[in-house]
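The structure appears right after this line, and notes come after that.
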Amino acid sequence: MRQNITNIIEKLSQFHNVTDNELLTLLKDALSEDENRLLCQRADECRKKIYGTDVYIRGLIEFSNYCINNCYYCGIRRENQNVKRYRLSKDEIIECCIQGYALGFRTFVLQSGEDPYYTDDILCYIIADIRTRFKDCAITLSIGERSKESYKAFFEVGANRYLLRHETASDSHYARLHPDELSLANRKKCLFDLKEIGYQVGAGFMVGSPYQTPEHLLADLRFLQELSPDMIGIGPFIHHADTPFANMPNGTLEMTLKLLSIIRLLFPDVLLPATTALGTIHKNGRELGLKAGANVVMPNLSPSGVRENYTLYDNKICTGEEAAACISCLSQRVQSAGYSLVTDIGNRRFI
Ligand code: SAH
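For the working numbering, count along the sequence shown from 1 and bump the result up by 8.
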């Protein structure tokens, strides 16, 4: 093991300030097997100190794949004519929650493209109904950029968490991933608005997105330190055949695991999912993610008939199974990695 790399890993795990240069060294260098093992072990020790072996589950309900945006990486971008578009009604969404509750879910994540069909009024009506029926559950929204007033209205009727990945903290990189009408400045504003309103907020980015450099990743980590989110969602970029990035290489397992561990050490008490995208690029991706410091999984609760239409990237896993089958498979996977799924609202345990 190289002394300088070992020193940086130990410094991270003792929560000493790590310099930009040290982080860049860690991000740039391909780590040896021993160095990777050390990083992963330190991250796992850190998660166990705070979360034990508990793994929180979130039920993901992908309620619409209509989107007004045209992000270059995303399979449900508006210009993709090959998507079979769908929307779930309030009753269909509630049905997913009822099923999910019976399976032990205490967090529902409502995710969609940016779909103006769901006005503030319609969303408030849906959220309020879920809130009335499931008082002991968290309601998480992941529906993109809206005004502060809209975010406030959703919060007031019972939503309490919000996932909005910042995607990249570099303006120039942001412009290579998105058309001109989208800006990093607005994305950041949304995140700070959400925090101010009182949401538990999740930000994050894709690992290995096209044109990403170690310097971009450093900026991502520094932005996350500034925002101090409750959740950080990262997963590998995976190309989608019907997007402008169809021929771009995917993010790698190694880089995603390395970043999960670095994030666990930089943000010891953060909620950190082992994502479906990670499970898609490697058959044991999610198990390896948990071992590298992740403590959340987000199985799909969407009706199986629509799942295959919510394809942000190619070869997405678990698009065929019913929720119950999904959760029993996942539960075994989590156990095989040495952790256990818990029935819990799964709040951040502040240190
Ligand atoms: N419309 C919502 C939800 C977006 S989908 C929003 O704007 O937040 C959730 C996340 O999936 C995105 O934030 C993005 O980081 C990720 N994603 C999209 N396309 C992807 C791809 N091709 N590979 C991997 N992740 C992708």
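The beta carbon of each residue, even a glycine, is placed where N, CA and C say it ideally should be.
Under 7 Å from any heavy atom of ligand 1, does the C-beta of residue i make it?
i    : result
R173 : yes
Q220 : no
F2   : With the chain running from 9 to 359 in the structure shown, residue 2 is simply not present.
L320 : yes
S120 : yes
For residue i, count neighbouring Cβ atoms within 10 angstroms of its own Cβ and tell me buried if that reaches 16, exposed if not.
i    : result
N29  : exposed
G60  : exposed
K291 : exposed
H186 : buried
Y125 : exposed
Y133 : exposed
H24  : exposed
S120 : buried
R294 : buried
K324 : buried
How would you write the range of the alpha helix (DSSP H) that residue i sits in, first residue to last?
i    : result
M383 : An answer regarding residue 383 cannot be provided, because it is not within the stretch 9 to 359 covered by the chain.
F200 : L192 to I205
T288 : T284 to I289
T176 : Where T176 is concerned, there is no enclosing alpha helix (DSSP H), given that its DSSP letter is neither H nor E.
R50  : E41 to Y59
S336 : A331 to S344
Y109 : K98 to A110
L296 : G293 to K299
Identify the continuous beta strand (DSSP E) that holds residue i and give its terminal residues.
i    : result
A211 : Q208 to V215
D62  : D62 to I65
I147 : A146 to S150
Q220 : Careful: Q220 lies outside any beta strand (DSSP E) and carries neither H nor E.
Y81  : That residue, Y81, is in no beta strand (DSSP E); it is neither H nor E in DSSP.
R154 : Premise fails: R154 is in no beta strand (DSSP E) and is neither H nor E.
T115 : T115 to S120
R169 : R169 to L171
G241 : M239 to P244
In this structure, how does DSSP classify residue i when only helix, strand and coil are distinguished?
i    : result
V314 : helix
Y233 : It should be noted that the sequence gives Gln, not Tyr, for residue 233. In the structure shown, Q233 sits in a helix (DSSP, three-state: H, G or I).
S73  : It should be pointed out that residue 73 corresponds to Asn in this sequence rather than to Ser. N73 falls in the coil class under three-state DSSP.
L68  : strand
N88  : coil
R95  : strand
L4   : Since the first residue shown for the chain is 9 and the last is 359, residue 4 is missing from the structure and cannot be characterised.
**Item:** Three CB pairs or more closer than 8 Å across the region 98–115 and the region 306–315
**Value:** yes
**Request:** Could you tell me whether the region 83–96 touches the region 245–255, using the rule of 3 or more Cβ pairs below 8 Å?
**Result:** yes
**Request:** Count the CB pairs spanning the region 343–355 and the region 43–51 that are closer than 8 Å, and state whether there are at least three.
**Result:** no
**Prompt:** Does the region 50–59 come close enough to the region 147–165 to have 3 or more Cβ pairs within less than 8 Å?
**Reply:** No, because fewer than three Cβ pairs between the region 50–59 and the region 147–165 fall closer than 8 Å, the two stretches do not touch.
**contact_flag[the region 332–342, the region 262–270] where n(CB pairs < 8 Å) is 3 or more** = no
**Message:** Under 8 Å: do the region 102–117 and the region 221–240 share three or more Cβ pairs, one atom per stretch?
**Reply:** no
**Asked** Between the region 276–292 and the region 238–246, are three or more C-beta pairs nearer than 8 Å?
**Response** yes
**Asked** Counting Cβ pairs closer than 8 Å, one from the region 172–188 and one from the region 134–146, do we hit at least three?
**Response** no
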